[in-house]
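Q:
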Amino acid sequence: MIDQYGRNITYLRLSVTDRCNLRCRYCMPQEGVCKKPHAQMMTEDEMIAAVEAAASLGVTKLRVTGGEPLVKRNIVSICRRAARVPGIEELCLTTNGVLLPQLSAQLREAGVSRINLSLDTLDPDKYARITRVGRLEQALAGLEAALAAGWRVKINTVLIGGFNDDEVGRLAGLTLRYPVDVRFIELMPMLDSDEFGEAAFIPCTAVLERLPQAVPVAPDGGVARLYRLPDAQGNIGLISPVSDHFCGACNRIRLTADGKLKPCLHSADEISLRGLTKQQMRERMREVIWNKPACHAELSAHHHSLAGRNMNQIGG
1 MIDQYGRNIT
11 YLRLSVTDRC
21 NLRCRYCMPQ
31 EGVCKKPHAQ
41 MMTEDEMIAA
51 VEAAASLGVT
61 KLRVTGGEPL
71 VKRNIVSICR
81 RAARVPGIEE
91 LCLTTNGVLL
101 PQLSAQLREA
111 GVSRINLSLD
121 TLDPDKYARI
131 TRVGRLEQAL
141 AGLEAALAAG
151 WRVKINTVLI
161 GGFNDDEVGR
171 LAGLTLRYPV
181 DVRFIELMPM
191 LDSDEFGEAA
201 FIPCTAVLER
211 LPQAVPVAPD
221 GGVARLYRLP
231 DAQGNIGLIS
241 PVSDHFCGAC
251 NRIRLTADGK
261 LKPCLHSADE
271 ISLRGLTKQQ
281 MRERMREVIW
291 NKPACHAELS
301 AHHHSLAGRN
311 MNQIGG
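Residue numbers (full-length UniProt numbering): 1 to 316.
1) What is the DSSP secondary structure of Thr131, reduced to helix, strand or coil?
2) Which of the three DSSP states, helix, strand or coil, is assigned to Arg309?
3) If you draw a straight line from the C-alpha of Ile9 to the C-alpha of Ala206, how long is it?
4) With distances taken Cα to Cα, identify the nearest neighbour of Asn116 among Gly58, Val85, Tyr26, Leu91.
5) Please name the residue, chosen from Leu265, Ala172, Ala218, that lies closest to Asp231 on a Cα-to-Cα basis.
6) State the Cα-Cα distance for the pair Ala53 and Arg84, rounded to the nearest angstrom.
7) Report the partner residues of Arg228 according to the DSSP bridge assignment.
8) In terms of DSSP beta bridges, what is Val182 paired with?
9) Does DSSP classify Leu174 as helix, strand or coil?
10) Quick one: which unbroken alpha helix (DSSP H) runs of 4-plus residues sit fully inside the segment 49-133? Chain order, please.
11) Rank Asp120, Pro189, Val64, Ala148 by C-alpha distance to the C-alpha of Gly169 and give the top, closest one.
12) Check this for me: beta carbons of Pro203 and Ser243, under 8 Å apart or not?
13) For Gln4 and Ala218, I'd like the C-alpha separation in whole angstroms.
14) Which partner residues of Leu208 appear in the DSSP bridge assignment?
15) Can you name the residues that DSSP bridges to Tyr11?
16) Which residues does DSSP pair with Ile289 in a beta bridge?
17) Hey, Thr175 and Ile239: beta-carbon distance below 8 Å or not?
18) Determine the extent of the alpha helix (DSSP H) in which Leu140 is found, giving its start and end residues.
19) Determine the contact status of Arg25 and Ile130, defining contact as a CB-CB distance below 8 Å.
20) Beta carbon of Arg152, beta carbon of Arg114: below 8 Å?
21) Among residues of its own chain, excluding the 5 on either side of Leu299, which ones have a beta-carbon nearer than 8 Å to its beta-carbon?
22) Going by beta carbon distance, what residues of the same chain come within less than 7 Å of Val133, once the five residues before and after it are set aside?
23) Using 8 Å for Cβ pairs, my map puts Asp123 next to Glu68. What's the rounded Cβ distance?
24) When you compare only the Cα positions, how much space is there between Arg19 and Arg81?
Structural data, given as structure tokens:
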């Protein structure tokens, strides 16, 4: 469906849970999330109905997110059913990788076509610090499991000044060792990003300063600007939602685990789809897509996102 600004909305990001087995500092509080009654969360049938409604409006790409989607007990069933919705051409999943060794074969068989793996550091101590409870070897085992299952993997790295900007070369070097893409994403000023301080934000252009040998490559239709190291097996992507936003090319809507449809990650606007028929969902989606804002408000260390939720509550 085309919105009022001429953008073709073809991409739905579906959060299946706001819970996670890690506690990444820019994503959620140390104590985790307040447990909501199951009655306040979308059921599997409601999620699939929402995917069907979105597909009927022209959505062709679905990304399953969390929280951490693999902690959802029925995640394989959700993916299997979603992959078979007419019109859905690509089903991607974003994960921290911890549970991939146990679930990769089932998810591959269910129809997941691509994996994005969150990995902000290759230093075990720093990994434990940023995740509060995680172990680097678990994430790397998840990466190996994803590659063994035959997926093309994109690694998502949130760029944090004073924390991992000194690892840009090592992280980008993963494209030399593995058939993976590494995407550096600017730290967004959400509810829980303050603890890093103002100096934590650095623009993605800093990556190029540290990788002078990287050369531009043709865009692939996504929001990342792409580069490649000599002899690399994959690309390096730069995603700049703060310093160089891509609102004019945004083609996505988001559905939270508690059933709120959001036209923009950084907007407080949301509308509930819970308890609706598929046709009612379709009409509300049509309304949300048409009224999708032209651009989100300014983002900076002094101008936080208006989303009003942590990232785990929206879907990273």
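The beta-carbon is built from N, C-alpha and C at its ideal position, and this holds for glycine as well.
A: So, to answer that:
1) In the three-state scheme derived from DSSP, where H, G and I count as helix and E and B as strand, Thr131 is classed as helix.
2) With a pLDDT of only 48 at Arg309, under 50, the local geometry of the prediction cannot be trusted, and the value read off the model is given with reservation. It is coil, neither helix nor strand.
3) In a straight line, the C-alpha of Ile9 is about 31 Å away from that of Ala206.
4) With distances taken between CA atoms, Asn116 lies nearest to Leu91 out of Gly58, Val85, Tyr26, Leu91.
5) Looking at the Cα atoms, Ala172 is the closest of the given residues.
6) If I take the Cα positions, the gap works out to 13 Å.
7) Bridge pairing for Arg228: Val215 [DSSP].
8) Answer is Ile155, Ile236.
9) DSSP places Leu174 in helix when its eight states are reduced to three.
10) Listed in chain order, the complete alpha helix (DSSP H) runs (minimum 4 residues) inside the segment 49-133 are 75-83, 100-110, 124-131.
11) Nearest C-alpha to Gly169: Asp120.
12) Inclusion of Pro203 and Ser243 in the CB contact set at 8 Å is warranted, their separation being smaller than that value.
13) Computed Cα separation, rounded: 29 Å.
14) Leu208 is not bridged by DSSP to any residue.
15) For Tyr11, DSSP records a beta bridge to Lys61, Arg252.
16) Ile289 is not bridged to any residue.
17) Cβ distance not < 8 Å, so Thr175 and Ile239 don't count as in contact.
18) From DSSP, the alpha helix (DSSP H) with Leu140 extends over 136-148.
19) Contact flag set, yes.
20) With respect to Arg114, Arg152 sits close: the two C-beta atoms are nearer than 8 Å.
21) Low confidence applies here, because Leu299 scores a pLDDT of 44, under 50, leaving its location unreliable; read the following figure in that light. So the qualifying residues of the chain are Met188, Pro189, Pro241, Val242, His245, His266, Ser305.
22) Close CB contacts of Val133 within its chain, under the 7 Å cut and outside five residues either way in sequence, are with Leu22, Arg23 (chain order).
23) So it is not a contact: roughly 21 Å between Cβ atoms.
24) Each residue's Cα considered, the two are about 22 Å apart.
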